[in-house]
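Numbering (our numbering), first residue to last: 21 to 456. Quick reminder that beta carbons are idealized off the backbone N, C-alpha and C, glycines included. See structure below.
See the structure below:
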């Protein structure tokens, strides 16, 4: 293995692997590596989610136009890639329900946004509870937004396929490898791997997901930001509930300014059903188990108390919401009851098996406010993608193209080819769609 690279990507989630995919098509002779501490790509958040390919109805077109475009075109790109590779992709739609008139007002806003963001008349509609009963008799609601351009997939499978394509194009994947130290030495980055070996790189892209803030801080970047982590837990539904609804069901979140989502009714691409996720505060991006959280409790609390997160954790509303989420983790009934509010037929005592938990990391600024958007920080020899929760897995492909184009235009990392065929797509055509 070469020890000197032109570019190193830290993070083998869906974003880092998508970046490697497009870079591999445009840079045939440059040396590029992806560092991932897990033994496989998409092992954490990228493979531990609802598996939904979302339509862009949640994005305000005046404030989040780029995110909306990434979701809109990401949907089509994942569909095309899945067809090409014969990977799971089921266009099954989703229903977002309101439980009161206040929530229905939010659905009206989502309908307007969805159409402004490119959804067609036959791809999204707001229906009354009476009309919904005709197709979904078990759902209880005030109104429902039926989104027909929504799909289910398995992002871990998609990410692994992108990795295989990248490998064939010469990208190195260093799996089971953690970047334990990063220092700039004589204009090059010296990256220590697993406290032992060293590699060097001219440029670094930090796409480390839940560890991206820690990586940035280690490179003396984004010191004004910190992060908090939330474990999203799931419960598996028994087979008798598999036909309870035809589509996955989401509900309007009560507190949209916080990263707390009411649990959903999820129909996965394989037909199994789950309830989740909640959002339990934890102390590590890998805080799946109590032992990991206990180990990270003191250092994480000290970090939070010395940053803007202090204001957030002492906010009374945040504390109340956090307590509710912790209760939903400790009590199965507390979590199931939140779904029973729109699917009353579900009985908690029939649900006995837990699903796979995932962890979402949210960035907090120096004022103690949750940062709603992705944060992009470019330095002379590094680029940092922080708080990448939206457009998430759905938008990872076009978002990656946008990043690569941005790096090229700024002269931070020049591609060997300005344009070219990247699998089933042409690079410039994706840029045109994202900027149109």
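Item                                                                                                                              : Value
Expected contact under 8 Å - CB spacing of residue 143 and residue 169 to nearest Å                                               : 4 Å
Residues near residue 215 in its chain [Cβ-Cβ closer than 7 Å; skip 5 each side]                                                  : 200
Residue(s) in a DSSP beta bridge with residue 173                                                                                 : 109
Coil, strand or helix - residue 23 by DSSP                                                                                        : coil
Residue range of the unbroken beta strand (DSSP E) whose run includes residue 46                                                  : Not the beta strand (DSSP E): residue 46 falls in the alpha helix (DSSP H), residues 34 to 46.
Buried versus exposed, by CB contacts within 10 Å (16 or more), residue 230                                                       : buried
Span of the alpha helix (DSSP H) around residue 356                                                                               : 352 to 360
Between the CA atoms of residue 57 and residue 45 - distance to the nearest angstrom                                              : 25 Å
Contact under 9 Å by Cβ, residue 417 with residue 450                                                                             : yes
9 Å Cβ cutoff met for residue 401 and residue 94                                                                                  : no
Complete beta strand (DSSP E) runs within the segment 159 to 226 (minimum length 3 residues, chain order)                         : 163 to 167, 171 to 173, 192 to 195, 199 to 205, 208 to 213, 217 to 226
Chain-order list of residues whose beta-carbon lies under 6 Å from that of residue 264 (same chain, five-residue window excluded) : 158
Residue 224 and residue 191 closer than 9 Å at C-beta                                                                             : no
DSSP-derived helix/strand/coil call for residue 72                                                                                : strand
Cα-Cα separation between residue 156 and residue 269, rounded to whole angstroms                                                  : 10 Å
Residues sharing a beta bridge with residue 152, DSSP                                                                             : Partner(s): none; residue 152 has no beta bridge.
Reference residue 369, options 354, 378, 377, 361, closest by Cα                                                                  : 354
Limits of the unbroken beta strand (DSSP E) element including residue 380                                                         : 378 to 384
Distance, residue 83 Cα to residue 360 Cα                                                                                         : 34 Å
Boundaries (first-last residue) of the alpha helix (DSSP H) holding residue 317                                                   : 310 to 325
Cα-Cα separation, residue 271 to residue 176                                                                                      : 25 Å
Residues of its chain near residue 313, where Cβ-Cβ distance is below 8 Å and the 5 sequence neighbours each way are ignored      : 302, 303, 304, 307
Residue 323, buried or exposed, once every other Cβ within 10 Å from all chains shown has been counted against 16                 : buried
Between the CA atoms of residue 50 and residue 334 - distance to the nearest angstrom                                             : 49 Å
Residue 292 to residue 239 span [Cα, whole Å]                                                                                     : 43 Å
Assumed close pair residue 29, residue 227 - CB separation to whole angstroms, cut-off 8 Å                                        : 6 Å
Residue 234, enclosing alpha helix (DSSP H) - first and last residue                                                              : 232 to 238
Beta-carbon spacing of residue 61, residue 154 below 9 Å                                                                          : no
DSSP-derived helix/strand/coil call for residue 90                                                                                : helix
For residue 246, the three-state DSSP class (helix, strand or coil)                                                               : strand
Alpha carbon of residue 5 to alpha carbon of residue 274, nearest angstrom                                                        : Residue numbering for the chain in the displayed model covers 21 to 456; residue 5 lies beyond these limits and cannot be assessed.
Residue 291 in three-state terms, based on DSSP                                                                                   : coil
Buried versus exposed, by CB contacts within 10 Å (16 or more), residue 261                                                       : buried
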